[in-house]
Structure formats: structure tokens, C-alpha cells
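Contents: one structure, followed by commentary.
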Amino acid sequence: MMICWLALAALVIYLFWRFPQLRKTWYLPKRKGLIALMYHHVGVLNDPQDEQYPFTVRPDMLERQILYLKANGYTPISLAELEQAKRTSKSSVKKPVLLTFDDGYRDNYENLFPLLKKYNIPALIFLITDRIDSPNYMTWEQIKEMSASGLVDFGSHTCSHRRLRSLSDDEIVQELTRSKQILEENLGAAVTAFCYPYGAGGFDKRVRPQVFKAGYLFDFSTKKGVNPWPWKGKSTLRRAFPRGGETLFDYHLQLTRGQSKL
Ligand SMILES: [Zn+2]
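Under our numbering, the residue at position 221 of the sequence shown is numbered 225, and the numbers go up by one with no gaps.
Structure (C-alpha cells):
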């Protein structure tokens, strides 16, 4: 009997080693809660070797993902609905999904915004304030138009997109408060969401309290997973990461496990 189990384990390990496409999270238990999806570029990039490839979701794929959400009973929520859930500790929203986009690339205006309007879906975009109005990034005019539509909220992704952990206390405060102030002055509304540049190590015990001291209510990381719903705001918000080139099955895994592969 023991030999059988060992042989089975060896077979599974061999198959995972031999076929990387099997290394997906289908065997993890499904989890309910708030799925925050992390996107970057929305555009067409055909070279899988390009370093931006995983960060670039094609517009037609994003549209299929939106249709998948609708067909499967997911509810795209806005930042206001997240705020309300935190304030009241309750929400009637079932299967909530929050679409977030990092860095403020110009293709978000060109390729994402038409889809948000077509399907009346809210989104949250994190801007790097020093890069606004520069090539490849959105202009203030575009940002204001998206904001005025009522579909797009904007959060801060710092001024300069440096790794906060490696900065001095004063520099961290500057990155957090100056970006918030610039966004609020231009958008005429409170900016409550913040997103750490770089991976799960983009923050630590020294950085995180400064985010709240600066007046933010929500901090988004690249830690993968599903968030408790209603959101009570104890930890950073985890995000699922639909990569460029992924299939709708991967998307299903993102939505039910918070990640598509290990
Ligand atoms: Zn970023």
C-alpha cells in the first residue's frame, strides 16, 4: 500500500516537473471574499519575451474577462463601495471584484476606458504623480475626463515609484503626502487609496504606518490572495494578478483562489 502512495506521489511530482502548465492552483480550495485584480498595461504585445508581456492584457481578453465576470455573478465594485463596507462592516454585494490598474499608463485611457464605459464598470487606477503628462503615461486632461465619468477612481502610487523600504523616513513621508496632495488638488476629491511600488516586499513595519499617518484608508500590495469581505481594513489588500497571455481558465483560478499559479 505504502509503495502505491509513494509511486503516485512520484508520478505527480514528475508530471508537475515535466509539464509546467500543470503548476496551476486548481487543487487549492476555493475561497470566497473580495478579489482585487491587479492589472498594468491594456494593449497588444505579441512577444512573450518582452518584459512587459506579463503586465500587458489585450483589450479583447479584458473584454472577455469582463463578460466572464458578468456571466458568473461577480460584482465589480467601486472604491466608494469598499469604503462603505469598511465603515459599516457590512455589504450586500455578492462576489465582489475590484479592478485595479497600476502606474497610470496611457493605454488605460485609450483601451481600458472605452471598455469601462461600454459595460458600465468601475475601476481604480494608481498614478505615479511625477510621470503624469509624460510619454506613455496619461495626461491630466485624460485623468480628469475619466474621473468626471464617475467610473474611475484614482489612488496614489507615490511620486517617483521608488521602493519605499529603501528610503529615509522623510523621503517616505514626502512620497506619500506630496502625491496625495497633487492628486487631490487636481481631482478636487479626497484620495484614500494607496498602492506600494514593487512586489510584496514593497512595504514593511516602518513604511506601512506612514501610509495611514498620511491619511490613506486603504493600502494595496502585490501579495496574492483573496481578501475578507466585508473588508475591515486590518492588513494590506491582497491582489490577484491576471497576466498577459493567460487563459479564461487561469482567470477562473484568479477569481476563486486569488492566484492562478504558484
Ligand atoms: Zn507600479
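We treat Cβ as the ideally placed atom computed from N, Cα and C, and that holds for glycine.
All values derive from a computational prediction rather than experimental measurement.
Going by DSSP, name the residue or residues bridged to residue i.
| i | result |
| --- | --- |
| residue 231 | 38 |
| residue 157 | 128 |
| residue 199 | 224 |
| residue 28 | 265 |
| residue 100 | 79 |
| residue 241 | 224 |
| residue 105 | 43, 129 |
| residue 60 | 45 |
| residue 123 | Answer is none; residue 123 lacks a bridge partner. |
| residue 141 | 109 |
Flag residue i as yes when its Cβ comes closer than 6 Å to any non-hydrogen atom of ligand 1, and as no otherwise.
| i | result |
| --- | --- |
| residue 107 | yes |
| residue 201 | yes |
Using only the alpha-carbon positions, how far apart do residue i and residue j sit?
| i | j | result |
| --- | --- | --- |
| residue 5 | residue 258 | 36 Å |
| residue 139 | residue 170 | 27 Å |
| residue 104 | residue 8 | 47 Å |
| residue 32 | residue 261 | 7 Å |
| residue 84 | residue 28 | 33 Å |
| residue 152 | residue 178 | 28 Å |
| residue 16 | residue 122 | 44 Å |
| residue 204 | residue 215 | 16 Å |
| residue 47 | residue 142 | 14 Å |
| residue 256 | residue 65 | 13 Å |
| residue 101 | residue 79 | 6 Å |
| residue 242 | residue 14 | 33 Å |
| residue 183 | residue 162 | 6 Å |
| residue 175 | residue 144 | 25 Å |
| residue 229 | residue 240 | 11 Å |
| residue 136 | residue 192 | 17 Å |
| residue 148 | residue 166 | 25 Å |
| residue 237 | residue 68 | 31 Å |
| residue 44 | residue 250 | 14 Å |
| residue 267 | residue 63 | There is simply no residue 267 to check, as the chain begins at 5 and stops at 266 in what is shown. |
| residue 219 | residue 82 | 19 Å |
| residue 70 | residue 89 | 23 Å |
| residue 181 | residue 72 | 38 Å |
| residue 30 | residue 226 | 21 Å |
| residue 164 | residue 120 | 27 Å |
| residue 77 | residue 126 | 16 Å |
| residue 74 | residue 10 | 43 Å |
| residue 253 | residue 49 | 21 Å |
| residue 130 | residue 26 | 33 Å |
| residue 222 | residue 202 | 17 Å |
Is residue i close to ligand 2? I mean its beta-carbon at under 6 Å from any heavy atom of the ligand.
| i | result |
| --- | --- |
| residue 97 | Absence of ligand 2 from the depicted structure is noted, with ligand 1 being the only ligands included. |
>> Using 8 Å as the cut-off, can you tell me whether the segment 49-65 makes contact with the segment 89-100, which would need three or more C-beta pairs spanning the two stretches below that distance?
In response: no
> Does the segment 179-189 come close enough to the segment 74-93 to have 3 or more Cβ pairs within less than 8 Å?
Replying inline: no
> Are the segment 155-165 and the segment 191-203 touching, with three or more C-beta to C-beta distances below 8 Å?
Replying inline: Result yes; three or more Cβ-Cβ pairs closer than 8 Å.
> If you pair each beta-carbon of the segment 232-247 with each one of the segment 36-44, do three or more pairs fall below 8 Å?
Replying inline: yes
> Can we say the segment 103-122 touches the segment 55-70, given the rule of at least three CB pairs closer than 8 Å?
Replying inline: The segment 103-122, when compared against the segment 55-70, does touch it at the 8 Å Cβ threshold.
>> Using a Cβ distance threshold of 8 Å, determine whether the segment 16-23 contacts the segment 241-256, with at least three qualifying pairs required.
In response: no
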